[in-house]
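Below is one structure; the comments refer to it alone.
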RNA sequence: GCCGACUUAGCGUAAUAGGUAGCGCAACUGACUUGUAAUCAGUAGGUUGGGGGUUCGAUUCCCUCAGUCGGCACCA
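Numbering (our numbering), first residue to last: 46 to 630.
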């Protein structure tokens, strides 16, 4: 999908189109007041205050029509530079523009405006030279947006659109947008029987169906195998805990708005846990540890429950309960670097094996101004952030720093991915924590016999299993690699009367080898069964007919290809087994 | 949570300027015995998301609740 913002020519075009949109809206709704109309990756938008008028998508064609009319007029777009006071006078009837102007640096600032026909807008530019270049656009959607992005402000109406130099490019783009919908994990999740939701169960509470749970189990086994090899010990802890536990950890104070409310049983108060770190702290504290025992690595596919705003819910990508691929590494200060490096290496290894390429590292730091969100201990924070920066620089990965993105207990390295559909999000994370071990009074006996507080690394590689499945479905368009596919091989006899026993023989052999294989022996035509196999995105479909039974071979077709390949049964079985075992992409 | 739209059979959809709903796929039954994305015929399946109001009559209009979707905000 093209990124408009990163393309200089398209940026100018789209930004100019935003002005054209504003001009058209002004014509149709003379009372309209305008905020800003920037270029974004997906095109452009303009935030507009229309007073009591509410736009719906049905109003967009009329606005488009007016824009087309204006574009046809072929008005020159003229730049003009004026002083701040001139600008304030010029836009005195537009409070939003006055707000923008009055917040500009100093009184000597030169402000640029662009005029096209009867419409002038405050703008840094540049723009195309004439409205006639703005013919191939489409208004895509309309929605509310908080003024200045602050939920305490009123809402403006935002109109989104996109513009291209040629009609062909526009149509190709619109076609691509349509195709994107087909790879949405919610669509695929339904079509492929991966998960379901139910109003009666409650929103944001997805349930995995048999096909989905196969994917889940495979991923769980995959990552746990890796963790075991790296010395992790896995545990199982309850998805809720007493409120005292979360007061001790600080979650109750700093994370409460993302938690389900407390519940009372027999005079005790409990919460559904939003994170399982406190449980793992308790497990560490269950024994006395020597410095010789460290690092101690405690892992769990842990169910957590978070109160997510209803508008934020999205299939299994963002739900109110999910299972984190979580682990806590209890280390000495000297071990921070090597353990951190191990985690980064594990992330890179997994991404390589699963063919995840579009990702970036972010160093999430606290916002020192935010006194509510973060555990208050400046010295601890400075120490943690500097340590983490140093470790990252020593490991030699490139990252961007994000202020105000840290966990309440410490800074972290996040791995952001750009999914095929929608906004970027965090998949993997590794967090440095000096805070919780202290709050839980954890310690180890150092070589000099004194008690010392361990440092904790919180880390998740697949993130949550749920989100990872969503991500992977969208990346692969539902055509999963063999080892993750709910059904790996589909065997179809051409004619049950003649080919069923040969087909059943292959089916049994594969089943014996623990391959997820299906025998489609329904009394249907081959074309019909083939169609279903393709729609179900089964990676391998084997056809058994006269040709195969007579030559003692099999023929298969790989989902997504048109070719049929004929080979010896034994070779095919070996190929399948190898592909599963090596987790071939 | 906020702004807006939407909700009709398992799935995808049609219709009614207010007179209780069609179609396709899937399912079931039968025939066909099949060579790479849909064989034919028949049967069954709906309190038109829940509740309330207006009306002689509501699936349609209004209110409300729930859910879904698109954005915003949030995402430790």
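The beta-carbon is built from N, C-alpha and C at its ideal position, and this holds for glycine as well.
Checklist entry - Grouping DSSP H, G and I as helix and E and B as strand, with all else coil, what is residue 147? => result Three-state result, residue 147: helix.
Item to check | Residues of its chain near residue 76, where Cβ-Cβ distance is below 8 Å and the 5 sequence neighbours each way are ignored | outcome: Once the five neighbours on either side are set aside, the close Cβ partners of residue 76 are 95, 96 and 98.
Checklist entry - So, are the CB atoms of residue 516 and residue 560 less than 8 Å apart? => result When the beta-carbon positions are compared, residue 516 and residue 560 stay at least 8 Å from each other.
Checklist entry - Would the beta-carbon of residue 406 fall within 8 Å of that of residue 512? => result With respect to the 8 Å criterion, residue 406 and residue 512 are not classified as neighbours on the basis of their beta carbons.
Checklist entry - Got a sec? Which residues, its chain only, sit under 7 Å from residue 378 by beta carbon, not counting five neighbours each side? => result Result list for residue 378: 500, in chain order.
Item to check | Presumed contact (8 Å Cβ cut-off) between residue 304 and residue 267, rounded CB distance | outcome: Here residue 304 is actually not in contact with residue 267; their C-beta atoms are around 30 Å apart, not less than 8 Å.
Item to check | Supposed close pair residue 205, residue 179 - CB separation, criterion 8 Å | outcome: Actually they are not in contact, since the Cβ atoms of residue 205 and residue 179 sit about 16 Å apart, beyond 8 Å.
Checklist entry - Under a Cβ-count criterion, where at least 16 other Cβ atoms within 10 Å of its own Cβ denotes burial, should residue 279 be classed as buried or exposed? => result Residue environment for residue 279: exposed (fewer than 16 other C-beta atoms within 10 angstroms of its C-beta).
Checklist entry - What do you reckon, are the CB atoms on residue 565 and residue 610 nearer than 8 Å? => result No; because the gap between Cβ atoms is not below 8 Å, this pair is not in contact.
Checklist entry - Is the segment 109-125 in contact with the segment 56-71, if contact means three or more CB pairs nearer than 8 Å? => result Touching, yes.
Item to check | Contact under 8 Å by Cβ, residue 229 with residue 466 | outcome: Yes, the pair counts as a contact, with Cβ atoms nearer than the cut-off.
Next on the checklist: Let's test the definition: count the other Cβ atoms within 10 Å of the Cβ of residue 289 and tell me whether it reaches 16, buried, or not, exposed.
Outcome noted: By the 10 Å Cβ count, residue 289 comes out exposed.
Next on the checklist: Buried or exposed for residue 539, going by 16 or more other Cβ atoms inside 10 Å?
Outcome noted: Flag for residue 539 reads buried.
Checklist entry - By a C-beta neighbour count over all protein chains shown, 10 Å radius and 16 as the cutoff for buried, is residue 250 buried or exposed? => result Residue 250 should be labelled exposed.
Item to check | Beta-carbon spacing of residue 265, residue 392 below 8 Å | outcome: Their beta carbons are not under 8 Å apart, which means residue 265 does not touch residue 392 by this criterion.
Next on the checklist: Using C-beta distances below 6 Å, list every residue in its chain close to residue 259, excluding the 5 sequence neighbours before and after it, in chain order.
Outcome noted: Cβ neighbours of residue 259 beyond the five flanking positions: 531.
Item to check | Span separating the alpha-carbon of residue 237 from that of residue 248 | outcome: Rounded to whole angstroms, residue 237 to residue 248 spans 21 Å at the Cα level.
Next on the checklist: I'd like the span of the alpha helix (DSSP H) that includes residue 264, first residue to last.
Outcome noted: From DSSP, the alpha helix (DSSP H) with residue 264 extends over 255-274.
Checklist entry - Pick from 452, 464, 398 and 385: whose alpha carbon is nearest that of residue 435? => result When the alpha-carbon of residue 435 is set against those of 452, 464, 398 and 385, the nearest one is in 385.
Item to check | Cα-Cα separation between residue 112 and residue 571, rounded to whole angstroms | outcome: Taking the straight line joining both Cα atoms gives about 53 Å.
Next on the checklist: Looking only at its chain, what residues have a beta carbon closer than 7 Å to the beta carbon of residue 52, apart from the 5 residues adjacent to it on each side?
Outcome noted: Cβ within range, chain order: n/a, list empty.
Checklist entry - Do three or more CB pairs link the segment 300-315 to the segment 330-347 at distances below 8 Å? => result Between the segment 300-315 and the segment 330-347 there are fewer than three C-beta pairs closer than 8 Å, too few to call the two in contact.
Next on the checklist: Give me the residue from 246, 211, 155 and 622 with the minimum Cα distance to residue 365.
Outcome noted: Shortest Cα-Cα distance from residue 365 to any of 246, 211, 155 and 622 involves 246.
Checklist entry - Taking the alpha-carbon positions, what's the residue 420 to residue 507 distance? => result Their Cα atoms are separated by approximately 27 Å.
Next on the checklist: For a test of the three-state rule: what should DSSP assign to residue 172, helix, strand or coil?
Outcome noted: Of the three classes helix, strand and coil, the one that applies to residue 172 here is coil, per DSSP.
Checklist entry - Using the rule of at least 16 other Cβ atoms within 10 Å of the residue's Cβ for burial, across every protein chain shown, is residue 593 buried or exposed? => result With 16 or more neighbouring CB atoms inside 10 Å of its own CB, residue 593 falls in the buried class.
Checklist entry - First and last residue of the alpha helix (DSSP H) that includes residue 520? => result Its alpha helix (DSSP H) spans residues 510-521.
Next on the checklist: Whether or not the segment 201-220 and the segment 79-93 are in contact is what I'm after, with contact meaning three or more pairs of Cβ atoms, one per stretch, closer than 8 Å; do they touch?
Outcome noted: Yes, the segment 79-93 touches the segment 201-220.
Item to check | Supposed close pair residue 142, residue 167 - CB separation, criterion 8 Å | outcome: Right, their Cβ atoms sit about 5 Å apart.
Next on the checklist: Measuring alpha carbon to alpha carbon, tell me which residue in 68, 65, 72 and 88 is nearest residue 54.
Outcome noted: Ranking the options by Cα distance to residue 54, first place goes to 88.
Checklist entry - Can you tell me the Cα-Cα spacing of residue 616 and residue 418, whole angstroms? => result Distance between the alpha carbons of residue 616 and residue 418: 60 Å.
Checklist entry - To which residues of the same chain is residue 628 closer than 6 Å at the C-beta, ignoring the five residues directly before and after it? => result Excluding sequence neighbours, residue 628 sits near 528.
Item to check | Beta carbon of residue 361 nearer than 8 Å to that of residue 234 | outcome: It is a contact, given that the beta carbons lie within the stated cut-off.
Item to check | Cβ-based burial, residue 257 [other Cβ within 10 Å; buried from 16] | outcome: Counting C-beta atoms within 10 angstroms of its own C-beta, residue 257 has 16 or more neighbours from the protein chains shown and is therefore classed as buried.
Next on the checklist: Per DSSP, what are the beta-bridge partners of residue 458 in this structure?
Outcome noted: Answer by DSSP bridge pairing, in chain order: 408 and 475.
Checklist entry - Going straight from the alpha carbon of residue 110 to that of residue 222, what length do you get? => result Per the coordinates, the alpha-carbon of residue 110 lies some 22 Å from the alpha-carbon of residue 222.
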